[in-house]
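Chains as they are written, first to last, in my numbering: chain A, 47 to 160; chain B, -1 to 112. Have a look at the structure below, then the notes.
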Amino acid sequence: KNQVEQSPQSLIILEGKNCTLQCNYTVSPFSNLRWYKQDTGRGPVSLTIMTFSENTKSNGRYTATLDADTKQSSLHITASQLSDSASYICVVSQTRGGYQKVTFGIGTKLQVIP
Amino acid sequence: DAGITQSPRHKVTETGTPVTLRCHQTENHRYMYWYRQDPGHGLRLIHYSYGVKDTDKGEVSDGYSVSRSKTEDFLLTLESATSSQTSVYFCAISDPDLSNYEQYFGPGTRLTVT
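Written out as structure tokens, the structure reads:
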């Protein structure tokens, strides 16, 4: 079983609507949790990074939340745009010495339609 | 793509042939990583490097080797390509001096083994 589970696997929403993507993880302990956006045919790009002591982080229309007690995170997208169509990947990192072990979720594929 | 290039971007090769993928960075970051991305899986670590000539295995290293003779270049070699190695390969870089060991990804190489 993957240690980072994301839901839903895919999502279609109308332009201008809001949506929330979920991430549940079992990785423990962890150093930080990140959300990445991956456009088709491109590498992932970081949206937000949260340490275990942070419970919310915003980046424009993207807001990530973290509940370290329940090991859940969410990514909320406000007023969606066509350019938000992409895969969104949740990543949990553990620091071991000078190296970070990262575990990637499979991602949620979001399609924003006009 | 944060000063990271990958070459080639696309390659089709036959089973049994050797293949080398190159990752080049201009950021002088200490850590470099090779991941593969397949449908139904999160990004999976193949090998990583924590300095020139210092490398270690990731979770899916069988059938792959790496070399890092210069800070800026990290090579991934498939000694004898198999169809199961058809995938999209991503290089990433990070540095302990970066906040939260942020990882930056290259644009990816799509490899098809026929």
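No residue lacks a Cβ here, since even glycine has one placed at the ideal position from N, Cα and C.
query                                                                                                                                                                                              : result
Give the residues of chain A in contact with F72 (chain B), contact being defined as C-beta atoms less than 7 Å apart.                                                                             : In chain order: nothing, as chain A lies at least about 15 Å away.
Going residue by residue through the segment 77 to 131 of chain A, where are the continuous alpha helix (DSSP H) segments of at least 4 residues, counting only ones entirely within it?           : none
If the cut-off is 9 Å on Cβ atoms, which residues from the segment 97 to 109 of chain B count as contacting chain A, listed in chain order?                                                        : S97, N98, Y99, E100, Q101, Y102, F103, G104, P105, G106 and R108
Out of A:D113, A:L60, A:L112 and A:L121, which has the shortest C-alpha to C-alpha gap to P54 (chain A)?                                                                                           : A:L121
Here's the rule: buried if 16 or more other CB atoms are within 10 angstroms of the residue's CB, otherwise exposed. What is D54 (chain B)?                                                        : exposed
I want to see whether chain A comes within less than 9 Å of I44 (chain B), judged by CB atoms only; does it?                                                                                       : no
Short of 7 Å Cβ to Cβ, which residues in the segment 24 to 44 of chain B face chain A?                                                                                                             : G38, H39, G40 and L41
Identify, in the order they occur along the chain, each residue of the same chain with its Cβ nearer than 6 Å to the Cβ of A90 (chain B), setting aside the five sequence neighbours on each side. : Y31, Q101 and F103
If T107 (chain B) sits next to L19 (chain B), beta carbons under 8 Å apart, how far is it from one beta carbon to the other, in whole angstroms?                                                   : 5 Å
Mind checking if A90 (chain B) is an interface residue toward chain A, Cβ cutoff 9 Å exclusive?                                                                                                    : yes
Among B:L76, B:T110, B:E70 and B:G56, whose alpha-carbon lies nearest the alpha-carbon of Y62 (chain B)?                                                                                           : B:L76
Would you list, in chain order, the members of the segment 137 to 160 of chain A that have their beta-carbon closer than 9 Å to a beta-carbon of chain B?                                          : V137, S139, T141, G144, Y145, Q146, K147, V148, T149, F150, G151, I152 and G153
Is there contact between the segment 78 to 92 of chain A and the segment 123 to 139 of chain A, where contact requires at least three CB pairs shorter than 8 Å?                                   : yes
Give the DSSP bridge partners of N70 (chain A), in chain order.                                                                                                                                    : A:E51 and A:Q118
For S92 (chain A), return the contacting residues in chain B, with the cut-off set at a CB-CB distance below 7 Å.                                                                                  : E100
Please name the residue or residues paired with S5 (chain B) in a DSSP beta bridge.                                                                                                                : B:R20
Under 8 Å between beta-carbons, which chain B residues line up against V73 (chain A)? List them in chain order, please.                                                                            : Those do not exist, as V73 (chain A) stays about 12 Å from chain B at its closest Cβ, beyond 8 Å.
Taking C-beta pairs closer than 7 Å, name the residues in chain B that G89 (chain A) reaches, listed in chain order.                                                                               : D(-1), F88, F103, G104, P105 and G106
Using a Cβ-Cβ distance under 9 Å, would N70 (chain A) count as near chain B?                                                                                                                       : no
Please confirm whether E25 (chain B) and D71 (chain B) have their CB atoms less than 9 Å apart.                                                                                                    : no
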